[in-house]
Amino acid sequence: MLDFEVDMQELTNIKVVGCGGGGGNAVNRMITEGLKNVEFIVVNTDKQALMLSHANIKIQIGEKLTKGLGAGANPEIGKKAAEESREEIAESIKGANMVFITAGMGGGTGTGAAPIVAQIAKSMNILTVGVVTKPFPFEGKRRMTHAEMGIENLMQAVDTLVIIPNHRLLLMADKKTTLLDSFRLADDVLRQGVQAISDLITIPGVVNADFADIETVMLNKGLAHMGVGYGTGDNKAQDAVRQAISSPLLETSIDGATGVIINFTGGVDLGAIEVFEAADIVRESADPDANIIFGAVIDETLNDEIRITVIATGFEEDENKVPQAKPVVETKRFSGKANNVVAEEPVIQEMPKADPLLEFDTESVNIPSFLRTRK
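Given below as C-alpha cells:
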C-alpha cells in the first residue's frame, strides 16, 4: 500500500540560483518576501557580497582566481571563476527538478557565470530557466555589449529565458519612486514567476498542474514571457490578466504563444465567470493550438483582490526584441524526451576584455553595497 503523506517538495524540487550582485539582490528580495517551497543559492566572486546574502547556500566561486575580490566587471573572469567551481555548483543543485538562474547582465560575475551554471544544470537533466536584466543605456556601450554577449551565451544553455531591460523600469516609475522600489519591480517578475510555478505544483488548489505540464511548456522553448498582474473591484480578473500579458517591464508579449501557464490566486470570493473570462483573453492572444496550463489557488488573506501570473513560450519574436550580438556559442541541439535529455556542453568563446582606460567601473562608486553589487 502506498503512503501518500509525502512532502510535495520531495517530489518537485525547485531551486533559485542568484549569480553575481544583481542575482544575489534578487534572491534576498525573494527571501524577504517569504517565497515558500524553494531553495535559494547564491554564487559570487565577491566574498563581501556573499556575507550579505540571506541564502542558505552560498558559494564563493573562483577563489583561487579572484581571491574573493570580485570579477572587476570582466565577464571572462566570471566565466573562469564558475568553471573553477563546477563541482561545488553541481553539488548545490543536485536533486533539483527545476532551476531558475537570475543575474544582472553587463557586469563580470553574473554575465560570465550564469551561462556556466546553466550548462551544469542542463547536463544534469534539470529544467533550466534564466531570468536576467539588461543594463540601463546610461551605463555605456561596453557594458551593454557585455550584456548582449552574456544573454546570447545564456540563451544557448537554458530551456527558456526571460529578459528584463532596466530602462523599462522607468516606465513604471514617477518622481517619487525610489531606486530600490524600481529594482523591486524587476525582482518581482522573477519572484512571482517562481511562486506561480511552485504554487501550481506544491499547493493544493481548486485547479492544479503537475511538473510534467510545466516541463511541456518550458523545455527547450527559448525566449519566454513572464508577466504578473493585479486587480481589484468588479473587473479585477480582466484588468489583472491584461497587465500580465502585456507587462511594461518586458519587450515580449504572448501573441502567438504555443505554450502558456496561467495561474490565478484569489480570495474565497474568486468568481468562476471572471476567471473564465480572463482565461479567454489569454486564449485569444495565444496560438489557436496553444497548450494552456491553468491553475487556481485560494489565498484566504486576499479580499476582493486577484493576482494572475502568465508564463508564455513558443511565440514569434520581433527581430528587435532578440539580442543581436554575433553568435558566441557553438552548441548541439538537445535531444530526447523530457526526462531523458542528452545535452552537448556549449563551447563559449571568450568575451572581449575590458579596456581599463575606457571602462567605467561602477563598482568603485561610493554607494551602498546592495546597490554597488547589483550587476
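Its first residue numbered 1, the sequence shown is counted upward by one per residue in UniProt numbering.
We put the beta carbon where it would ideally sit given N, CA and C, even for glycine.
The structure presented is a predicted model; accordingly, all values stated were derived computationally and were not measured.
- In the three-state scheme derived from DSSP, where H, G and I count as helix and E and B as strand, Asn263 is classed as strand.
- If you draw a straight line from the Cα of Ala90 to the Cα of Phe100, it comes to about 14 Å.
- For Gly108, there is no enclosing alpha helix (DSSP H), since its DSSP letter is neither H nor E.
- Out of Gly78, Ala286 and Gly222, the CA that lies nearest to the CA of Thr128 is found in Gly222.
- Secondary structure at Asn291: strand, using DSSP grouped into helix, strand and coil.
- The C-beta of Ala96 has 16 or more other C-beta atoms within 10 Å across all chains shown, which makes the residue buried.
- A distance of 8 Å or more separates the beta carbons of Gly256 and Asp299.
- A distance below 7 Å between beta-carbons, with the five flanking residues on each side excluded, links Phe294 to the following residues of its chain, in chain order: Val207, Ile262 and Ala279.
- In the DSSP assignment, the residues bridged to His225 are Ala312.
- Within the same chain, Cβ atoms closer than 8 Å to the Cβ of Gln238 are found at Gly231, Glu274, Glu277, Ala278 and Ile281, the five residues on either side in sequence being excluded.
- Check the Cα spacing between Arg184 and each of Arg168, Gly70 and Arg142: the tightest is with Arg168.
- Selection Gln156, Gly24 and Gly233 evaluated against Asp269 yields Gly233 as nearest (Cα-Cα).
- Going by beta carbons, Ala147 and Gly112 fall outside the 8 Å limit.
- Taking a cut-off of 8 Å on C-beta distances, the segment 154-163 touches the segment 117-132, as three or more cross pairs fall below it.
- A straight line joining the alpha-carbon of Thr109 with that of Gly24 spans about 11 Å.
- Under DSSP, Gly231 takes part in a beta bridge, and its partners are Ile306.
- DSSP places Lys15 in the uninterrupted beta strand (DSSP E) bounded by Ile14 to Cys19.
- Thr202 places its beta carbon less than 8 Å from that of Asn37.
- If the five residues before and after Met30 are omitted, its C-beta is found closer than 8 Å to the C-beta atoms of Val16, Val38, Phe40, Asp187, Leu190, Arg191 and Val194, all from its own chain and listed in chain order.
- In this structure, Ile308 keeps its C-beta atom at 8 Å or more from the C-beta atom of Ala212.
- For Glu33, the three-state secondary structure derived from DSSP is coil.
- Burial of Gly72 is indicated by the presence of at least 16 other C-beta atoms within 10 angstroms of its C-beta.
- About 6 Å separates the Cβ atoms of Ala121 and Ile93, confirming a contact at the 8 Å cut-off.
- Look at Ala71 here: in three-state DSSP terms it is coil, with no helix or strand label.
- In this structure, DSSP gives Ile164 an extended state, which the three-state scheme calls strand.
- For Thr216, the uninterrupted alpha helix (DSSP H) segment begins and ends at Phe211 to Met218.
- Contact between Gly227 and Ser247 holds, with the beta-carbon distance rounding to 4 Å and staying under 8 Å.
- The Cβ neighbour count for Asn44, taken over all protein chains shown within 10 Å, is at least 16; the residue is labelled buried.
- Contact between His225 and Thr258 does not hold, since their C-beta atoms are separated by about 12 Å, which reaches or exceeds 8 Å.
- According to DSSP, Lys58 shares a beta bridge with Val42.
- Annotated three-state conformation of Gly140 is coil, per DSSP.
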